[in-house]
Amino acid sequence: MKGLFKTRFIAVLSMLIVASLIVAGCGGPKSKRGRGGSANPGQSSDKVAAALATYVAPGDMDEYYLFYSGGHSGQVFVAGVPSMRHIATIPVFTPYPGTGYGFDDETKAMLGGYSWGDSHHPGFSETDGEYDGRWLFINDNAQGRIARIDLRDFKVKQIVSIPNISANHGSSFITPNSEYVTMATRMSVPFPEGTYADVTEYATKYQGILAGLKIHPKTGDLTLGWEILMPPFNYDLGDAGKGPSHGFMFWTCYNSEREFIEGGKLEITASQRDKDYIAMVDYREAEKAISAGKFKTVKGAKVIYPDKAKGVVYLIPLGKSPHGVDVSPDGRWIVGSGKLSPTTTVFDIEKIKKAIAEKDFEDEVDGIPVLTYNSVREAEIPVGLGPLHTQFDGRGNAYTSLFVESAVCKWKLPPYEDKSDMSSVILEKIPVAYNIGHLVTAEGDSKSPDGNYLVALNKLSKGRHLSVGPSIPESAQLIDISGDKMKLLYDAFTEPEPHYAVMIKADKIKTVEVYKKDDPYWHKNPNAIWSAEEARIERKGKNVEVWMLAVRSYFAPDVIRVNKGDTVKIHVTNIEQTRDELHGFAIDNYDINLVIDPGETKTVTFKANKSGVYAFYCTNFCSALHQEMQGYFLVK
Amino acid sequence: MKDIFQNLTNTLSKSMSMQSRILVLLAALMLIPTFFVPLWRMSFWAQQYPEGLELYIYSHNLIGGDDGNDLTEINVLNHYIGMAELNAEDFTELKWIPLIVGLLAVLTLRAAFIGTLGSIIDVIAISGYFALFSVWSFYYKLSSYGHNLDPKASVDVAPFTPPVFGHKMVGQFEVWSYPAFGSYLFAMFGLLLIAGFYFSFKKLNKK
């Protein structure tokens, strides 16, 4: 009996435990990211294999984010890889009514009065040489600016404009621990900025600037670290060193002829010399120069003069009119591509360091030592016509875009055993449609590229899609580089005009989809209101201030009465805490359209300069009674 | 017949075995965590809410999933059909249920230490009544929410009773309503009491 009792006693207890386990075992929803099981194309054609490799079923998600620069649209486009589906547009330098960007006071101030920008080269923040998914930086080639996008909410948080820079093209390249992001002058102008000097004085009065902006390790805030005054070349693309080249920054330069002859055509005058340069900055030396006081403050910027601060900058000769300079994942090989030379040149950072130590210089330009080409060059690779930009796969291979040839060339990085015939390191070429500029591999700028996907960013796409008239979009072609043979998988088309793009593993980005009322990450907006009781209108003289809330499906208050000539300030809080419940706030005929995300507060200030009665309404479809979400703005 | 009752009464007035006391004590302990875990869970699913909405009923509170936001969302949706806001303050159940659970725990402890077999029956009887009454009370409350809709609401729907147990379509939502962990603890409480009674009863009637 006693034994039986014990058995039952234990049975009761175990029931208890099992019950608790069942309840505790009810986990969260299963992640849908990823591509299900591997598809087996069997005997089917290449098209079927490509279709299966890029198909992301409804409800499934892509493996990678692709952030394209939007070129002179001033935006950043976000797509998924491998589907290549466009998911979102992040407005950066251009107002975008779709998200109300540039309409509220804060973003309007950030745009600084400009209505466009030319976004070129997105770059991710990095930790220990790996993309950390915190921020995306992007430069404006037109107004010499750089923007920081917070990847928690995919919104621009800061646009920085620095003095003396003209056409910031050699940007946004980031050092391995996000110490710095680069900026550089593409089109030299008289120095300091705002100075007048005729182009006939180009060689002496015009200057270029290379700059390093510090990235705050916690907030990502950008501040100018230093500027370096450079000869009047055109500074083009760049990259930051890593591993053995950590501490160095590289930029290509063209027009080392340093002239701009009126009517002489720069395309001719800048293509006379056989070699141009890579400008290489040792940023630790730049920091030392700054702390030793070896700089002049010009227009508020600490400017280093290379002839007065030796060791900060060097020039490395490189084949004619180069475009890209790219550092291999291990940081040892510096790959420069002269776009008018059919070769790509590989430099060895160890040889560069040795040449510097031994003062092995072949020339000097404006006090900047030029390293002896034959001492630092590892090899010249005959990649093909018009090489522009190189990316890597993490398996010792490099991929160089060939603009003139409309192809991607895959080649093997050093070390080489036999250098007698460099064409032997060319592994394969794949044609692209057409005229490729940049290319990007998955996590290609990090120290460990993933080596599976490559996107060719082509300038021309004629005849590859349904015709849309003469304003033809750009093309982005997805290429599988995981095997021995490159395989073209997919053609995607984008708005004008991606220059560079960057690709990051999707799970590295942790977004918020709602601004939670109490999330300490976001600063509290003092004008936020969270209940209808707080909604109010206050008048002080000719200033009318409104605290409004938006929630399905009404505004409170829904009537605003002002007098003509009043200055009106409206703070709208979307008090929703549910994802995808956005509200718009547009006032007809007043050129106002805010879009307020859940939990967000936006402010718009304007003059009531037109009398009459104007409707305001929710522009972002929110609910079954969205059409009823309206009010009146009455101007007496 | 009379003998049976006499016999039963005699048995009920007998004291419990040690094993039974342990089981009854364990039953009392089961009640402690019920204050901290939900008793009931309502899940709402619609095509445009793929992750669903959750509402947890605790002995003392109503808490929505997604850090409480699901309750706000349910209320936002309900305002279209003119249903009053679900608000913990308006549920008197959430005030008396914790009180009664506390009382039950005290009664159970009393039974475990100084009680007879009969006091287990007392606790079982009171608990059973309490459980049924609570469920009925919630049913009545939800039913009155679903039947007292604002006639001026933007969307007209026929009065309805949200499900208390099981599944029901409410508008575009599939709604499931089932006991949650706290209720399983109550069930365990009941089973331990019955087991406690059973072991002593069996032992006494063997002799």
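Protein chains in written order, with our numbering: chain Z, 1 to 636; chain H, 637 to 843.
In this text, a Cβ means the ideal position worked out from N, Cα and C, and glycines have one as well.
Nothing here was measured: the structure is a model prediction, and the numbers come from that model.
In the three-state DSSP reduction, proline 449 of chain Z falls in the coil class, being neither helix nor strand. Residue pairing from DSSP places threonine 573 of chain Z in a beta bridge opposite Z:Leu549, Z:Thr601.
DSSP lists Z:Leu210, Z:Ile304 as the beta-bridge partner residues of isoleucine 228 of chain Z. The Cβ of lysine 602 of chain Z sits no closer than 9 Å to any Cβ of chain H. Comparing alpha-carbon positions, the option among Z:Lys447, Z:Phe555, Z:Asn609, Z:Ala309 lying closest to valine 562 of chain Z turns out to be Z:Asn609. Neighbours of asparagine 705 of chain H in chain Z, taken as residues at a C-beta separation under 7 Å, are given in chain order as Gln577, Thr578. In this structure, the alpha-carbon of methionine 719 of chain H lies about 7 Å from that of glycine 782 of chain H. In this structure histidine 216 of chain Z is exposed. Its beta-carbon is surrounded by fewer than 16 other beta-carbon atoms within 10 angstroms. Residue environment for phenylalanine 173 of chain Z: buried (at least 16 other C-beta atoms within 10 angstroms of its C-beta). Counting the other Cβ atoms within 10 Å of the Cβ of tyrosine 180 of chain Z gives 16 or more, which makes it buried. Tyrosine 814 of chain H is outside the set of residues whose beta carbon lies under 9 Å from a beta carbon in chain Z. Sorting Z:Arg332, Z:Leu224, Z:Asp274, Z:Val408 by C-alpha distance to the C-alpha of isoleucine 290 of chain Z places Z:Leu224 at the top. By the Cβ criterion, the stretch 313-333 of chain Z is in contact with the stretch 437-450 of chain Z, since at least three pairs of Cβ atoms, one from each stretch, lie closer than 8 Å. For threonine 605 of chain Z and asparagine 620 of chain Z, the gap between their C-alpha atoms comes out near 21 Å. In the displayed model, threonine 619 of chain Z falls within coil according to three-state DSSP, outside both helix and strand. Phenylalanine 825 of chain H sits away from leucine 753 of chain H, with the two beta carbons spaced by 9 Å or more. Straight-line measurement puts the Cα of leucine 785 of chain H at about 24 Å from the Cα of isoleucine 575 of chain Z. For serine 763 of chain H, no Cβ of chain Z is located within less than 9 Å of the residue's own Cβ. When DSSP states are grouped into helix, strand and coil, leucine 730 of chain H belongs to the helix group.
Nearest to proline 496 of chain Z by C-alpha distance, out of Z:Val514, Z:Gly117, Z:Ile162, Z:Thr400, is Z:Gly117.
Out of Z:Thr54, Z:Tyr55, Z:Lys602, Z:Ala88, the CA that lies nearest to the CA of tyrosine 68 of chain Z is found in Z:Ala88. Contact between the stretch 379-399 of chain Z and the stretch 415-422 of chain Z is present, with at least three C-beta pairs closer than 8 Å.
In this structure, alanine 211 of chain Z sits away from methionine 187 of chain Z, with a CB-CB distance that is not shorter than 9 Å. Bounds of any alpha helix (DSSP H) do not take in methionine 422 of chain Z, whose DSSP letter is neither H nor E.
Judged by their CB atoms, serine 73 of chain Z and serine 125 of chain Z are not nearer to each other than the 9 Å cut-off.
Residue state for glutamine 627 of chain Z is assigned as helix, using DSSP reduced to three classes. Using a Cβ distance threshold of 9 Å, alanine 142 of chain Z and alanine 167 of chain Z count as a contacting pair. Under the Cβ criterion (8 Å, minimum of three pairs), the stretch 263-281 of chain Z does not count as touching the stretch 139-154 of chain Z. Taking a beta-carbon distance threshold of 9 Å, tyrosine 716 of chain H counts as an interface residue toward chain Z.
Looking at the DSSP output, histidine 803 of chain H bridges to H:Trp812.
At a cut-off of 9 Å between beta carbons, glutamate 709 of chain H contacts chain Z.
Among the residues of chain Z, those whose CB is under 9 Å from the CB of valine 712 of chain H are Val551, Arg552, Glu576, Thr578, Glu581, Ser623, following chain order.
Between the alpha carbons of threonine 728 of chain H and lysine 638 of chain H lies a distance of about 44 Å.
Linking serine 755 of chain H to valine 793 of chain H through their CA atoms gives a straight-line distance of about 50 Å. By the C-beta criterion, the stretch 524-533 of chain Z is judged not to be in contact with the stretch 99-106 of chain Z, since fewer than 3 inter-stretch pairs fall below 8 Å. In chain order, Val800 place their CB closer than 7 Å to the CB of valine 771 of chain H, counting only its own chain and leaving out the 5 sequence neighbours on each side.
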